[in-house]
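Here the protein sequences come in this chain order: B and S. For the first sequence, the residue numbers in full-length UniProt numbering are 1 to 455. For the second sequence, the residue numbers in full-length UniProt numbering are 1 to 348. Just so it is clear, CB atoms sit at the ideal spot from N, CA and C, and this is done for glycine as well. Worksheet: the structure to be examined is printed underneath.
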Amino acid sequence: MRSVFPVAADPGVDLTADPGVERLLAEITDEPAGGRLTVGDERVREFLIAFSRRLLKPDLARRHPELGSLGFFLRKGELARAVERLGDGVAGQRRAPRGLVLHFPPANVDTIFVYSWALSALAGNHNIVRVSARAAGAAQAVLEALNDVLAEAHPAIAQTQRMITYDRDDALTGALIGACDLRVLWGGDQSVTELRGHPIRPLARDLAFPDRSSFAAIRVAGWQASTREQRRAAVDGFANDLYWFDQAACSSPRDLFWIAPTTVTAAAPTADEVTADAPTADGVTADAGAADTGAADARSADAVTTARAEFDELLAEVVARRGWGVDPAMAVEKHVATYGLAASGAATKVRFNGNAVANVSLAGLGDVQRRWLGAGTICHLTVGSLAELAPAIQRKDQTLSHYGFTMSELDDFVTTLAGRGIDRIVPFGRALTFAGTWDGLDLLHEFTRIITIQA
Amino acid sequence: MSVFTLPQPDREAQLLPRLVELTERHRARSAAYANILAATGNDPGRPYERISDLPWLPVRLFKTHELKSIPDDEVFKVLTSSGTTGDVSRIHLDKAAAAAQTRMLGRTLQAVLGPKRLPMLVVDTTAIIRNRRSFSARGAGVLGMITFGRDHVWALDEDGRPDLEAVRGFLARHGGAPFLVFGFTFMVWLHLYELARANSLDLTNGILVHSGGWKKLADQQVDNAEFRRAFQADTGLTRIHNFYGMVEQIGVVYLEGPEGASLYCPDFADVVIRDPRTWEPLPPGKPGLVEVISTLPESYPGHLLLTEDLGVIDGIDDGAWPGKRFSILGRLPRAEARGCSDTLVGAA
Chain B
1 MRSVFPVAAD
11 PGVDLTADPG
21 VERLLAEITD
31 EPAGGRLTVG
41 DERVREFLIA
51 FSRRLLKPDL
61 ARRHPELGSL
71 GFFLRKGELA
81 RAVERLGDGV
91 AGQRRAPRGL
101 VLHFPPANVD
111 TIFVYSWALS
121 ALAGNHNIVR
131 VSARAAGAAQ
141 AVLEALNDVL
151 AEAHPAIAQT
161 QRMITYDRDD
171 ALTGALIGAC
181 DLRVLWGGDQ
191 SVTELRGHPI
201 RPLARDLAFP
211 DRSSFAAIRV
221 AGWQASTREQ
231 RRAAVDGFAN
241 DLYWFDQAAC
251 SSPRDLFWIA
261 PTTVTAAAPT
271 ADEVTADAPT
281 ADGVTADAGA
291 ADTGAADARS
301 ADAVTTARAE
311 FDELLAEVVA
321 RRGWGVDPAM
331 AVEKHVATYG
341 LAASGAATKV
351 RFNGNAVANV
361 SLAGLGDVQR
371 RWLGAGTICH
381 LTVGSLAELA
391 PAIQRKDQTL
401 SHYGFTMSEL
411 DDFVTTLAGR
421 GIDRIVPFGR
431 ALTFAGTWDG
441 LDLLHEFTRI
451 ITIQA
Chain S
1 MSVFTLPQPD
11 REAQLLPRLV
21 ELTERHRARS
31 AAYANILAAT
41 GNDPGRPYER
51 ISDLPWLPVR
61 LFKTHELKSI
71 PDDEVFKVLT
81 SSGTTGDVSR
91 IHLDKAAAAA
101 QTRMLGRTLQ
111 AVLGPKRLPM
121 LVVDTTAIIR
131 NRRSFSARGA
141 GVLGMITFGR
151 DHVWALDEDG
161 RPDLEAVRGF
171 LARHGGAPFL
181 VFGFTFMVWL
191 HLYELARANS
201 LDLTNGILVH
211 SGGWKKLADQ
221 QVDNAEFRRA
231 FQADTGLTRI
241 HNFYGMVEQI
251 GVVYLEGPEG
261 ASLYCPDFAD
271 VVIRDPRTWE
281 PLPPGKPGLV
291 EVISTLPESY
301 PGHLLLTEDL
311 GVIDGIDDGA
321 WPGKRFSILG
331 RLPRAEARGC
341 SDTLVGAA
């Protein structure tokens with residue numbers, strides 16, 4: 001076990017094995033200098049504000065743009081609003097910290113641990129964060145920034161906020177888990193399940209953020225009503241959502257639904273698919289569906305075809321402008337994944353637009369893809385309405401990023417969903433923007449408990 | 001009759017129609033393959049002017065999907081390979097395909113071994129084929145080769161230690177005339193070379209056939225040139241033939257020619273080196289991804305496979321044997337995503 005925050009003045013100080021974990025737990029549960037931490041504690045606020053300023057300095061923000069978003073998230077005003085929303089002291093309700101919170105953040109999304117830790121600290125908790133030993137890039141920059149601003153901070157911070165790293169060690173993990181009041185588990189289903197194998201204390205709670213899947217949707221009529229510039233901006237945002245974290249984040253869209261009223265589904269392929277799909281394995285042509293398709297359907301299919309063509313063109317522009325590409329290994333990965341979808345019949349069409357973009361046409365709603373298929377893989381499906389999409393949504397589904405819908409259409413969609421799934425609905429470009437409410441949970445609420453008072 | 005006879009223009013002319021035929025054959029017999037062709041715009045009757053225009057499959061697809069062109073009741077043998085990531089290719093052969101692959105492998109090796117079976121020194125341990133649990137790709141490779149020799153002697157004992165007495169006995173009986181030595185490259189280097197050098201064994205009459213790549217020897221700074229130099233200087237062994245092949249194209253070995261510099265394609269096979277950015281074929285001297293091409297696969301759609309190996313064409317119709325000659329340069333790393341689903345390695 002090694003402390004990465006605070007970094008001891010003597011870097012050789014190693015909080016190793018047995019006395020290490022006991023000493024760590026003893027120190028962190030001790031009453032801090034200046035008294036116990038409170039909800040919205042001033043000492044914590046000051047530290048977070050200093051940290052936010054550090055993150056927003058141009059040098060850091062240039063090198064790691066994602067740290068800019070984090071910096072904004074932790075500005076003084078944002079923190080004040082967050083604490084105020086908690087409603088501590090309003091109408092016979094008070095809020096108290098939960099106590100010791102233990103965080104197991106994901107190894108690969110560099111900065112997510114900072115959000116959950118910062119909110120938990122703001123709530124007045126003592127925190128232990130297990131940082132991945134693979135911490136690099138932005139995560140490393142975050143740790144440096146934290147240690148930088150610690151010098152000016154109140155001593156209670158170093159005492160109550162710890163970030164550590166260690167190799168696999170079940171005994172240590174068990175000891176930490178056995179001591180906490182709230183355990184925050186990020187990561188794949190498997191690691192969440194594995195960590196849950198260690199018992200928590202009877203009064204302790206779990207907050208788990210396991211594997212999720214996310215989609216995007218465009219309302220074709222909304223797209224048609226937009227200007228070229230609006231469409232360009234939409235695709236720009238979508239491209240961000242797609243390529244950040246190599247499209248492997250929980251919120252990265254895997255599928256793109258084209259919502260067009262007169263539905264043209266698998267039985268009757270969309271116009272652009274008719275040509276490619278006409279010959280089937282046994283040599284029978286599949287144009288019967290197209291012949292049955294009414295004039296309205298044909299028009300609708302036409303609109304989707306036109307919109308998709310423009311979307312492809314704009315996406316290629318963004319990718320070229322930003323110089324985004326994928327390396328040969330990723331290109332091979334995408335071929336394996338998309339050819340596999342074709343082999344099983346889930347995809348009726350696979351088209352690469354360079355190596356950066358793989359466009360897959362899905363056969364139907366039963367073939368919606370939730371697993372990672374390589375950076376820059378879009379599974380397209382034309383669906384008549386959001387309501388038609390609703391039955392295909394699962395509890396695991398997290399984010400729907402959208403373009404061309406009105407607030408009431410989205411609200412109606414949530415009604416139709418009737419709790420099946422989806423935790424957040426955001427415009428294109430915001431899929432990966434972290435918020436205080438995540439996976440359906442108001443984090444600051446979760447990091448506190450409620451004390452009710454009746455006089 | 002040698003299977004290293006076709007100059008490139010003749011090879012292209014002979015293989016192209018046969019490969020188109022195979023594409024149609026597999027389209028008709030494998031729904032999964034037909035789906036892929038349809039989805040990627042390769043409709044029946046589409047004209048193909050060059051071998052490199054034909055649609056390829058990523059070789060890893062055999063690890064993720066069952067791709068075969070024979071009904072279940074005709075499956076005679078299922079070959080598997082263990083990959084580095086634990087997933088396994090499954091290659092389905094019917095009787096005819098199994099026979100064809102052995103026959104063609106034999107004919108290919110005759111180019112360096114001659115028409116008669118030679119006494120064979122296997123640089124491995126019998127444990128690798130005896131112990132069913134460790135019956136690995138290495139075991140399968142050894143079993144595949146063993147039919148091409150006679151009077152086999154194993155150079156390693158049951159525990160995997162070099163068996164000097166066994167090797168000495170073999171050389172005493174057979175060392176005076178041509179004999180076959182087979183093993184995986186790193187085994188041959190770590191065990192046979194060291195043993196022969198330390199004990200001044202004479203391997204002058206040996207014909208070494210080896211495969212498996214240089215990765216495991218990289219930290220010892222051993223490449224093909226050093227391997228050949230050391231064997232010649234310290235054991236007298238000069239007839240050394242590396243080969244390149246994979247279970248997904250069983251029956252095909254790309255064999256190092258007598259000059260020992262490049263790999264050659266047998267007449268029923270070819271390679272295309274592709275630019276991994278444009279997927280266009282690359283000319284000699286430009287490294288890219290290796291596509292292996294063979295007319296053997298009739299029971300599964302493995303006639304045109306894009307590997308994850310990097311290679312380069314060294315020359316065309318300018319070497320010891322006709323056709324393309326090429327080298328393998330290494331392996332493409334596996335793509336890794338940095339998402340939040342892939343997390344907490346060694347967490348608990």
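Nearest C-alpha to D43 (chain S) among S:R50, S:S52, S:Y33: S:Y33.
Between D317 (chain S) and G311 (chain S) a beta carbon distance of about 18 Å is seen, past the 8 Å cut, so the two are scored as non-contacting. For the beta strand (DSSP E) assignment, the uninterrupted runs of no fewer than 3 residues enclosed by the region 75-159 of chain S are, from N- to C-terminal side, 77-82, 88-93, 118-125, 149-156. Of the residues B:L381, B:I393, B:Q369, B:D312, the one whose Cα lies closest to the Cα of N353 (chain B) is B:D312.
Put simply, the backbone Cα of W258 (chain B) is about 16 Å away from that of K349 (chain B). At least one CB atom of chain S sits nearer than 8 Å to the CB of T348 (chain B).
Neighbours of E21 (chain S) across chain B, judged by C-beta separation under 8 Å, do not exist; the nearest C-beta is about 16 Å away. Among the residues facing chain B, E308 (chain S) is included, as its CB has a counterpart in that chain under 8 Å away.
For I36 (chain S), the chain B residues whose Cβ falls inside 7 Å of its Cβ are Y339, A342, A343, in order along the chain.
DSSP places G330 (chain S) within a strand segment (E or B) once states are collapsed to three. Per DSSP, L208 (chain S) is one residue of the beta strand (DSSP E) stretching across 206-211. In this structure, the alpha-carbon of L150 (chain B) lies about 21 Å from that of A26 (chain B).
For A358 (chain B), the three-state secondary structure derived from DSSP is strand.
For the C-beta of H126 (chain B), not a single chain S residue is nearer than 9 Å; the gap to the nearest is close to 21 Å. Annotated three-state conformation of K334 (chain B) is helix, per DSSP.
Considering only S:D314, S:S294, S:G251, the residue with the shortest C-alpha distance to G260 (chain S) is S:D314.
Between R173 (chain S) and I207 (chain S), the CB-CB gap reaches or exceeds 8 Å. Between L122 (chain B) and T29 (chain B), the CB-CB gap reaches or exceeds 8 Å.
It is roughly 11 Å from the alpha-carbon of D88 (chain B) to the alpha-carbon of L444 (chain B).
When DSSP reads this structure, L310 (chain S) sits in a beta bridge with S:L289, S:G330. A distance below 8 Å between beta-carbons, with the five flanking residues on each side excluded, links A392 (chain B) to the following residues of its chain, in chain order: L365, G366, V368. If the five residues before and after V247 (chain S) are omitted, its C-beta is found closer than 8 Å to the C-beta atoms of L79, T80, S81, S89, I91, A137, A140, all from its own chain and listed in chain order. If only complete runs of 4 or more residues are kept, the region 176-254 of chain B shows the alpha helix (DSSP H) at 189-196, 220-224, 228-243, in order along the chain. Straight-line measurement puts the Cα of W324 (chain B) at about 19 Å from the Cα of A138 (chain B). Here the alpha carbons of A177 (chain S) and V167 (chain S) stand approximately 15 Å from one another.
Residue range 239-244 is occupied by the beta strand (DSSP E) that includes H241 (chain S). Cα atoms of L19 (chain S) and F182 (chain S): separation of roughly 32 Å, rounded to the nearest angstrom. Nearest to A248 (chain B) by alpha-carbon distance, out of B:A107, B:R85, B:L410, B:F447, is B:A107. From the beta-carbon of V319 (chain B), no residue of chain S is found nearer than 8 Å; the closest lies around 13 Å away. DSSP places E78 (chain B) in the uninterrupted alpha helix (DSSP H) bounded by 76-86.
Excluding sequence positions up to five before and after S120 (chain B), its CB lies within less than 6 Å of the CB of V101, N127, F447, all in the same chain and listed in chain order. Annotation for R229 (chain S): the continuous alpha helix (DSSP H) segment containing it runs 224-235. CA-CA distance, D159 (chain S) to L190 (chain S), rounds to 15 Å. Counting only residues of its own chain and dropping the five nearest sequence neighbours on each side, F227 (chain S) has a CB closer than 7 Å to the CB of W189. If you look at K63 (chain S), you'll find it in the alpha helix (DSSP H) that goes 61-64.
For the region 48-63 of chain B, no residue has a beta-carbon sitting nearer than 7 Å to a beta-carbon of chain S.
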